[in-house]
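Q:
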Amino acid sequence: MRTSLKITAGLAVAGMLALTGCSGDAGAGGEDSFKVAAFTAGYGTPAGKESLDELVEKGKEKGWDVTLYTSDFDYDKINTDVQSAITQGADVIVAGFPDPRQIAPLVNAAESSQIPIFSIDGGVEPNDDFVQDITFDQQQIADLGLGALDEAMGGLEGKDVMVIGHDPHVGIMTRSNIAVDELEAAGANLAGGEMKQVLNPGTSQEETLKFVTDFLQANPDGLDGIWTGWDHAALGAVQAINESGQDDIFVTGVDALGAAAAEIEKEGPFYASVLQDWSKVVDMTVESVEAFRADGTLPEEDFVEVEAELIDRTNVADYEPTM
1 MRTSLKITAG LAVAGMLALT GCSGDAGAGG EDSFKVAAFT AGYGTPAGKE SLDELVEKGK
61 EKGWDVTLYT SDFDYDKINT DVQSAITQGA DVIVAGFPDP RQIAPLVNAA ESSQIPIFSI
121 DGGVEPNDDF VQDITFDQQQ IADLGLGALD EAMGGLEGKD VMVIGHDPHV GIMTRSNIAV
181 DELEAAGANL AGGEMKQVLN PGTSQEETLK FVTDFLQANP DGLDGIWTGW DHAALGAVQA
241 INESGQDDIF VTGVDALGAA AAEIEKEGPF YASVLQDWSK VVDMTVESVE AFRADGTLPE
301 EDFVEVEAEL IDRTNVADYE PTM
């Protein structure tokens, strides 16, 4: 798709802009509106909701005619809604936290209509379905959390560590598997013998609470740390540890939610979380879409990894959560 769009932009940009309503007149408030179809199947998650709401708000400030399509991980609905938006004359599609494995129908429709797809967190490697995908470095995210656990526990070798993942999310799946591999390489023991899989992000706090509670009841002294792929799971782990009465088990998460920061400040089980600044990613995406709107310019890089930041006891007092 990327090659096809480059050819269109390079050889017939004027014709394409006329077809898509992306002319200079439209950008300056002309008669034709600039229609953006944004979607996320993860609107029930804090990152999904905040990021896409912010995208809509900033897009409207730029004068976009933007429509947001959401679902609770129902990709049949998303594919149907976005294909309808394409039929109705969308100029651009913005994918929020998509699973590339489940959006083939809308990708095919966009490609047929020569409509570019800009993605936020659309995978862990370049993907020709997207003219640009901006995400975070999953290796760095895994390493930051593991480094914090290493510090909290006084080393990884010989320690019993639980890993909480969710394979349907490509990013979480990737960083969780990295964490498992690196823990085993460091000589740690994987609690329970394998990664624990949350079924639904919407119930991840409750699911993780049960995982950890059940494990501690069966193995009262068998846990030193818990690495989780996102903060709601981490909060469930912290709740289980607190209820068990143990104070020597440490937890790390990802997202640096306000609730996570509050727990880190208590200097209890929640030791650190990894901040992914989705507001920064939204700004970068808006900038790329605006460049395309102006004259058909497509991003030079189709896959951009942004660095994350560790929020722990040393800097949490100065951290202002947005979620």
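Numbers 1 to 323, taken from UniProt numbering, label the letters of the sequence shown in order.
Ideal Cβ positions, reconstructed from N, Cα and C, are used throughout, including at glycine.
#1: Rounded to whole angstroms, what's the CA-CA distance from S112 to P105? Just pull it up for me.
#2: Quick check on residue 327: does DSSP put it in helix, strand or coil?
#3: Candidates I103, L68, T297 and F34: which alpha carbon is nearest E129's?
#4: Quick one: what does DSSP say G268 is sitting in, helix, strand or coil?
#5: Is it buried or exposed, R101, if we count other Cβ atoms within 10 angstroms and call 16 or more buried?
#6: For L199, count the other beta carbons within 10 Å of its own beta carbon; 16 or more makes it buried, fewer makes it exposed. Which is it?
#7: Given a cut-off of 8 Å, decide if E125 and residue 406 are closer than it, judged by their beta-carbon atoms.
#8: Check each candidate in I78, P201, E157 and P46 and name the one with the smallest Cα separation from D224.
#9: Give me the residue from E265, F39 and G245 with the minimum Cα distance to D76.
#10: Just the C-alpha distance for A26 and P201, rounded to the nearest angstrom, thanks.
#11: May I ask you to verify whether the stretch 176–191 touches the stretch 285–300, counting CB pairs closer than 8 Å and requiring at least 3?
#12: Nearest-angstrom Cα distance between L183 and A237?
#13: Just checking my contact of G122 with D133 at CB under 8 Å: how many whole Å lie between their CB atoms?
#14: Which residue marks the beginning of the beta strand (DSSP E) containing W227, and which one marks its end?
#15: Which residues mark the beginning and the end of the alpha helix (DSSP H) in which I172 is found?
#16: By Cβ distance, which residues of its chain are closer than 7 Å to I311, with the 5 residues on each side in sequence left out?
#17: Got a sec? Which residues, its chain only, sit under 7 Å from R175 by beta carbon, not counting five neighbours each side?
#18: Please identify the residue among A218, T70 and V163 whose C-alpha is closest to the C-alpha of G253.
#19: For L209, which residues from the same chain have a beta carbon less than 6 Å from its beta carbon, with the 5 sequence-adjacent residues on both sides left out?
#20: Taking just the CA atoms, how far does R313 sit from A152?
#21: Tell whether a beta-carbon distance below 8 Å holds between L144 and A308.
A: So, to answer that:
#1: 11 Å
#2: Since the first residue shown for the chain is 1 and the last is 323, residue 327 is missing from the structure and cannot be characterised.
#3: One point to set straight first is that residue 129 is Asp, not Glu, in the sequence displayed. With distances taken between Cα atoms, D129 lies closest to I103.
#4: coil
#5: exposed
#6: exposed
#7: The displayed coordinates of the chain run from 1 to 323. Any statement about residue 406 would go beyond what the structure contains.
#8: E157
#9: F39
#10: Residue placement at A26 is flagged as unreliable, the pLDDT there being 35, under the threshold of 50; a coordinate-derived value is accordingly withheld.
#11: no
#12: 18 Å
#13: 4 Å
#14: G225 to T228
#15: V170 to A185
#16: A256, A261, I264, A272, S273, L275 and Y319
#17: Q138, I141, A142 and G229
#18: V163
#19: G236, Q239 and A240
#20: 11 Å
#21: yes
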